[in-house]
Amino acid sequence: MAKTALQFRHNGREVAVFVDSGGNLLNALREGVGDVSVKFGCGQGGCGACTVLIDGEAHLSCLTLAETIEGRSVETADGLKTGPELHPLQKAFMDNFAAQCGYCTPGMLMAAKALIDRNPSPSRQEVVEAISGNICRCTGYEPIISAIFSVAAGGGAKRA
Amino acid sequence: MPVSVKTFPTIGEAAAALSSDRGARYLGGGTLVMRALNEGEVALSTVVRVQDRGLSQIRATGGRVTIGAGVTLAQILTERELAFLHATARSIGGPAVRNMGTVGGNLYAPSPFGDLAVALLALDATVSVQGGFGAREVAIEEFLAGRDRAMGSLVTSISCQRPAPDALRYRKISRIKPKGASVFSIAIHVPNVGGRVSGARIAYGAMAPTAIRAKAAERALEGRTLDASGIAAAVGAAAEGISPASDSLASSWYRREVVGVHLRRLLLGQDA
Chain A
7 MAKTALQFRH
17 NGREVAVFVD
27 SGGNLLNALR
37 EGVGDVSVKF
47 GCGQGGCGAC
57 TVLIDGEAHL
67 SCLTLAETIE
77 GRSVETADGL
87 KTGPELHPLQ
97 KAFMDNFAAQ
107 CGYCTPGMLM
117 AAKALIDRNP
127 SPSRQEVVEA
137 ISGNICRCTG
147 YEPIISAIFS
157 VAAGGGAKRA
Chain B
20 MPVSVKTFPT
30 IGEAAAALSS
40 DRGARYLGGG
50 TLVMRALNEG
60 EVALSTVVRV
70 QDRGLSQIRA
80 TGGRVTIGAG
90 VTLAQILTER
100 ELAFLHATAR
110 SIGGPAVRNM
120 GTVGGNLYAP
130 SPFGDLAVAL
140 LALDATVSVQ
150 GGFGAREVAI
160 EEFLAGRDRA
170 MGSLVTSISC
180 QRPAPDALRY
190 RKISRIKPKG
200 ASVFSIAIHV
210 PNVGGRVSGA
220 RIAYGAMAPT
230 AIRAKAAERA
240 LEGRTLDASG
250 IAAAVGAAAE
260 GISPASDSLA
270 SSWYRREVVG
280 VHLRRLLLGQ
290 DA
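Sequence order for the protein chains is A and B. Per our numbering, the very first residue in the first sequence carries number 7; after that it's consecutive. Per our numbering, the very first residue in the second sequence carries number 20; after that it's consecutive.
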């Protein structure tokens, strides 16, 4: 299969990989870059497990043609932490028991980050809307909504 | 399955490539074409892209708005000129899908998807299509009816007359809120001339393989006032001409049963 060279920013770092012609960004990240924080769920745009930020906007990596991100910036859940420090969203997910099996969590975190980056003090309804494209089959969503809401400026009481 | 990706600088070159290759599909936001690739659709051998920025422009001149085929659903939501389409755009997908999915692509979305096309159909929109031999304008109804036979061309923009405030009403019935595919969607544009309905348009999604007009119900409303008897006439004809599918969201029988209920509520301005 024909391979195409691709360069982009991955969590702030320049990377160069070869991708299959017509291949999606999800595979480029998992197999090319080695970032397996991005999950394959449905491959149809229905579940949100593969959500990443492209130039700061939430996109589904399984429906993104890898070649279209040449020169652009991709953020994944793997890039949320700073050294040993977890991102506030990650801490909040732990504190609120917002993950059970954890498969949806990377996508949920990125969908939440897309919201918080743009709107630091969202309403509860805006939180619900922001993760409406992400399916979780374990938690029933409430702990996830509480976690995101607790990070939002002025939203919910932050837990110790 | 090897797939070749061809990126062209102009719309004309892309249209020529699409019309000369049966296995070629145009890639807009990726929500349809990449999905087909992920599912291993063997008929798809070439992905065509265009770098022309004109495809993502929105122009408003006089009472008419022209929306580039590459405009995303998220872009519609940030555009005040397109306020009349906000409710429809917001009802589609989650934020990531709206950041990707385009106006042009929505015209090709198979039932039960394609809710934006329902609103555009109720607005009598015009679709600009670039084929291998030139550009043409097609009424959206004609476009949708022939879309599955005419894949070798490229939609460049969609235009419509801007409706009077609140003249376009839209409702999507889905099992999951806020995001869920349509049990069905319905858009009505009911211009009021001197208290009487003139030029009513009623469009359904998920009631046929593509978005369709409810012409019998439109005729029943023509010249009537939107009172109990005028609305009852339209509701009586609501299911004429529909051929809804049975799928995991609803049965064909259920869709036929509820179409009139929701048409009545929408005409009355009631909540779902």
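We put the beta carbon where it would ideally sit given N, CA and C, even for glycine.
For the C-beta of Thr57(A), the chain B residues within less than 7 Å are, from N- to C-terminus, Ala115. Within the region 129 to 191 of chain B, the complete alpha helix (DSSP H) segments at least 4 residues long are 134 to 141 and 159 to 165, listed from N- to C-terminus.
Where His105(B) is concerned, the enclosing alpha helix (DSSP H) starts and stops at His105 to Arg109.
Put simply, the region 74 to 90 of chain A does not touch the region 131 to 144 of chain A. Fewer than three CB pairs are less than 8 Å apart. Only residues of its own chain outside the window of five on either side were considered, and among them Val39 and Val80 have a CB closer than 6 Å to the CB of His16(A), listed in chain order. Between Leu287(B) and Ala236(B) the beta-carbon gap is near 14 Å, outside 8 Å, which marks them as no contact. DSSP, reduced to helix, strand and coil, places Val254(B) within a helical segment of the structure shown. Using a Cβ-Cβ cut-off of 8 Å, Gly28(A) counts as an interface residue toward chain B, since at least one Cβ of chain B sits closer than that to its own.
Spatial neighbours of Cys68(A) in its own chain (CB-CB distance under 7 Å, excluding positions within 5 residues in sequence) are listed in chain order as Asn30, Leu32, Phe46, Gly49 and Cys56. For Leu71(A), at least one C-beta of chain B is nearer than 8 Å to its own C-beta. Per DSSP, the continuous beta strand (DSSP E) segment holding Glu63(A) begins and ends at Glu63 to Leu66. Within a 10 Å sphere around the beta-carbon of Lys119(A) sit 16 or more other beta-carbons, which makes this residue buried. In the three-state DSSP reduction, Tyr223(B) falls in the strand class (E or B). The Cβ-Cβ distance between Gly47(B) and Gly123(B) falls below 8 Å. By the Cβ-count criterion, Asp167(B) is exposed, with fewer than 16 other Cβ atoms from all chains shown falling within 10 Å of its own Cβ. Listed in chain order, the non-local C-beta contacts of Gly73(B) below 7 Å within the same chain comprise Gly87, local neighbours out to five positions each way being set aside.
Per DSSP, Ala102(B) is not a residue of any alpha helix (DSSP H), being assigned neither H nor E. Residue range Arg19 to Asp26 is occupied by the beta strand (DSSP E) that includes Val25(A), with no alpha helix (DSSP H) assigned at that position.
Leu59(A) carries a strand assignment under DSSP once its states are collapsed to helix, strand and coil. If you draw a straight line from the Cα of Leu96(B) to the Cα of Ala227(B), it is about 27 Å long.
Sixteen is the threshold: when 16 or more other Cβ atoms of the shown chains lie within 10 Å of the Cβ of Gly139(A), as they do, the residue is buried. With respect to Met100(A), Cys142(A) sits apart: the two C-beta atoms are not nearer than 8 Å. 8 Å or more divides the Cβ of Ser43(A) from the Cβ of Asn102(A). Contact annotation, Thr50(B) with Gly120(B): C-beta distance approximately 5 Å; criterion of less than 8 Å satisfied. When DSSP states are grouped into helix, strand and coil, Arg78(B) belongs to the strand group. In this structure, Leu12(A) lies away from Met53(B), with their beta-carbon atoms at least 8 Å apart. Val212(B) and Ile177(B) do not touch by the CB rule: their CB atoms are close to 26 Å apart, not below 8 Å. Between the C-alpha atoms of Tyr45(B) and Leu121(A) there is a straight-line separation of about 30 Å. Of the candidates Val61(B), Asn57(B) and Pro28(B), Val61(B) places its Cα closest to the Cα of Ala43(B). Against chain A, the CB of Glu60(B) has no partner CB under 8 Å away; the residue lies outside that interface. In the DSSP annotation of this structure, the continuous segment of the alpha helix (DSSP H) that includes Arg54(B) starts and ends at Val52 to Asn57. For the pair Arg99(B) and Ala108(B), the CB atoms are not nearer than the 8 Å cut-off. Collapsing the DSSP output to three states places Lys234(B) in a helix.
In the three-state reduction of the DSSP assignment, Lys119(A) falls in the helix class, which pools H, G and I. When DSSP states are grouped into helix, strand and coil, Gly51(A) belongs to the coil group. Cβ-Cβ distances below 8 Å link Arg275(B) to Ala258, Ile261 and Pro263 in the same chain, with the five nearest sequence neighbours on each side left out; the list follows chain order.
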